[in-house]
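Chains A and B are the protein sequences, given in the same order.
Numbering-wise (my numbering), the first sequence opens with residue 14 and increments by one.
Numbering-wise (my numbering), the second sequence opens with residue 20 and increments by one.
Built from N, CA and C at the ideal position, the CB exists for glycine as well.
What follows is a short report on a single structure.
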Amino acid sequence: DVKVTQSSRYLVKRTGEKVFLECVQDMDHENMFWYRQDPGLGLRLIYFSYDVKMKEKGDIPEGYSVSREKKERFSLILESASTNQTSMYLCASSFGLNEQFFGPGTRLTVL
Amino acid sequence: AQSVTQPDIHITVSEGASLELRCNYSYGATPYLFWYVQSPGQGLQLLLKYFSGDTLVQGIKGFEAEFKRSQSSFNLRKPSVHWSDAAEYFCAVGSGGYQKVTFGTGTKLQVIP
Numbered sequence: 014d015v016k017v018t019q020s021s022r023y024l025v026k027r028t029g030e031k032v033f034l035e036c037v038q039d040m041d042h043e044n045m046f047w048y049r050q051d052p053g054l055g056l057r058l059i060y061f062s063y064d065v066k067m068k069e070k071g072d073i074p075e076g077y078s079v080s081r082e083k084k085e086r087f088s089l090i091l092e093s094a095s096t097n098q099t100s101m102y103l104c105a106s107s108f109g110l111n112e113q114f115f116g117p118g119t120r121l122t123v124l
Numbered sequence: 020a021q022s023v024t025q026p027d028i029h030i031t032v033s034e035g036a037s038l039e040l041r042c043n044y045s046y047g048a049t050p051y052l053f054w055y056v057q058s059p060g061q062g063l064q065l066l067l068k069y070f071s072g073d074t075l076v077q078g079i080k081g082f083e084a085e086f087k088r089s090q091s092s093f094n095l096r097k098p099s100v101h102w103s104d105a106a107e108y109f110c111a112v113g114s115g116g117y118q119k120v121t122f123g124t125g126t127k128l129q130v131i132p
């Protein structure tokens, strides 16, 4: 079975801090994605990557950056966290045009 | 641009009753369509998908969905709901290329005894 793991389930940070969210998948998937999930807004795509060192902006990339140095790992970076980035963050991976497999999510609170 | 509408934010059904969750999409070409379920505190799990072929697709946990091109719909159904089906359900549409997927806003299902 595909497994997507995220480094933390819950995270509390202060405004202005640099925040790293890590995601690792174990099935050699080429595509990886970062979403944020907010009540009433569903999932919104922040960034995705289709290969090592390749990245594409999603629908809401402002305030975020990403890094993919190895195929199995995709990191989301909040350069200077703000309170409006308090959210649930979901990582996913996929192979080709197939379905995405999701991690359990990281609930980030920025104080 | 592709989009998905789930008109029902919250639905309550009795255990054993039938269920239909609505999903309408907007996409110029033949879409890739998905239904995912999210239990509280969990990530999303795929219930079923449609890429081509038979417009009635079967999924896990007794769910099915029907693709209707003329109505731009992909409604999810289950003949008899179980208490464990209480969760949030997301419809999604994918395009080609790197499979960018657009999700609906979700429908939260409550099951009452």
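Neighbourhood of residue i by C-beta distance below 7 Å, restricted to the same chain and skipping five residues each side
i	result
A:E11	As shown, chain A starts at 14 and ends at 124. That puts residue 11 of chain A outside it, with no answer to give.
B:A105	L128, Q129 and V130
B:N94	E39, L40, R41, C42, A84 and E85
A:H42	S106, S107 and F108
A:S21	T119
8 Å Cβ shell around residue i - same chain, five flanking residues per side excluded
i	result
A:L124	V25, K26, R27, T28 and T96
A:V65	R81, E82, K83 and K84
B:W135	This structure cannot settle anything about residue 135 of chain B, because the visible part of chain B is limited to 20 through 132.
B:Q57	L63, Q64, A106, E107, Y108, F109 and G125
B:A36	S99 and V100
A:L56	Y48, R49, Q50 and L103
A:I73	R49, R57, L58 and I59
Proximal residues to residue i (C-beta, below 6 Å), its chain only, five neighbours per side dropped
i	result
B:K68	F53
B:H29	K127
B:F122	F109 and A111
A:V79	Y60, K68 and L89
B:S91	N43 and Y44
A:V32	K26, L91 and A94
B:Q77	E83
In DSSP terms, what residue i is bridged to
i	result
B:N43	B:T24 and B:S92
B:G113	B:Y51 and B:V120
A:M67	A:D64
A:R57	A:R49
A:N111	A:N111 is not bridged to any residue.
A:M101	A:Q50 and A:R120
B:A106	B:L128
A:S78	A:I90
B:Q61	None, per the DSSP bridge assignment.
A:F33	A:I90
B:L38	B:K97
Cβ-heavy atom distance, residue i to the ligand NAP, below 7 Å
i	result
B:T121	In terms of ligand content, the structure shown is empty, and the ligand NAP therefore cannot be addressed.
Distance between beta carbons of residue j and residue i, contact taken as under 8 Å
i	j	result
B:G62	A:G116	5 Å
A:Y102	A:T119	5 Å
A:Y60	A:Y77	6 Å
A:E35	A:Q19	7 Å
A:Q98	A:F46	That belief does not hold up - the Cβ atoms of A:Q98 and A:F46 are roughly 17 Å apart, past 8 Å.
A:V37	A:R86	5 Å
B:K119	A:L58	7 Å
Handout entry: the stretch 23-37 of chain B in contact with the stretch 94-110 of chain A per 3-pair CB rule at 8 Å
Key = no
Handout entry: Contact the stretch 79-94 of chain A vs the stretch 32-51 of chain B: 3+ CB pairs below 8 Å
Key = no
Exercise for the section: With 9 Å as the limit, tell me which residues of the stretch 64-91 of chain A have their beta carbon closer than that to any beta carbon of chain B; keep them in chain order. Expected result: E69, G71 and D72
Handout entry: Given 8 Å, three or more beta-carbon pairs between the stretch 75-89 of chain B and the stretch 97-111 of chain B
Key = yes
Handout entry: Chain-ordered residues of the stretch 64-81 of chain B with a beta carbon less than 7 Å from chain A
Key = L65 and K68
Problem - Near-chain B residues of the stretch 112-123 of chain A - C-beta to any C-beta below 9 Å - result: E112, Q113, F114, F115, G116, P117, G118 and R120
Exercise for the section: Could you name the residues of the stretch 23-54 of chain A whose beta carbon sits closer than 7 Å to any beta carbon of chain B, in the order they occur along the chain? Expected result: N44, G53 and L54
Exercise for the section: Using a Cβ-Cβ cut-off of less than 8 Å, give me the residues of the stretch 85-102 of chain B that come near chain A, in sequence order. Expected result: none
Exercise for the section: Anything in the stretch 51-62 of chain B with a Cβ closer than 7 Å to a Cβ of chain A? List those residues in chain order, please. Expected result: Y51, F53, Q61 and G62
Practice task
Below 9 Å between beta carbons is the criterion; list the residues of the stretch 27-46 of chain B that meet it against any residue of chain A, in chain order.
Solution key: I28
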